[in-house]
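Below: the structure, in structure tokens.
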Amino acid sequence: MRAQQGWIGAQIAHRGAVRFDERRLPELLARGSLMLEFTLMRGEQSPLPLIHLHQREGWRNFLSLNLDVDGRIVLAQRRGSAVHAISIDATQERLTGGRMRLIWRWDGPGRESLLTLEALDQRTIRQQAGVAPLPL
3 MRAQQGWIGA QIAHRGAVRF DERRLPELLA RGSLMLEFTL MRGEQSPLPL IHLHQREGWR
63 NFLSLNLDVD GRIVLAQRRG SAVHAISIDA TQERLTGGRM RLIWRWDGPG RESLLTLEAL
123 DQRTIRQQAG VAPLPL
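If you count the sequence shown from 1, you need to add 2 to reach my numbering.
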């Protein structure tokens, strides 16, 4: 499915770029990066869902990214009974608004997770490290 003003794809080591509408991704991605860009309205007060991906069959799996009412961007990931969550304070970015870039990097074998928020118009960056991310 082609988006009007964007694209959804992946960059897989030793395989190159893969558009989600061109072929299936590997069953599990033990490491990788997820990047999205969005615009926040100045003074945004409502919860803002950014991504929610879930598996309809088999294991109870999901990946969710949202801006909560407390001004935190929360990433929650579940695979069966295992859970990984990481959040970053976006209070200032919510007040000023503007273009944002959010990057989540995960390395399951290395047990590292990093959430990065770039406020592109303000030229600021925030990061929060986590441990033990799950494969995607």
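The beta carbon of each residue, even a glycine, is placed where N, CA and C say it ideally should be.
Per the DSSP calculation, T118 is bridged to which residue(s)?
I105 and Q129
What residue range does the alpha helix (DSSP H) around Q79 cover?
Here Q79 belongs to no alpha helix (DSSP H); instead the beta strand (DSSP E) covers R74 to R81.
Using the C-alpha atoms, what's the distance from E95 back to Q130?
15 angstroms
Does DSSP classify R96 as helix, strand or coil?
helix
Could you tell me the alpha carbon to alpha carbon distance between P49 and E29, rounded to whole angstroms?
31 angstroms
Can the beta-carbon of L65 be found less than 7 angstroms from the beta-carbon of L52?
no
Backbone secondary structure at R62 - three-state DSSP
In the three-state reduction of the DSSP assignment, R62 falls in the coil class, being assigned neither a helical nor a strand state.
Which residues share a DSSP beta bridge with E39?
R103, per the DSSP bridge assignment.
With a Cβ-Cβ cutoff of 7 angstroms, do L136 and Q79 count as a contact?
yes
A92 versus E59: straight-line alpha-carbon distance, rounded
34 angstroms
What are the start and end residues of the beta strand (DSSP E) that includes P137?
Careful: P137 lies outside any beta strand (DSSP E) and carries neither H nor E.
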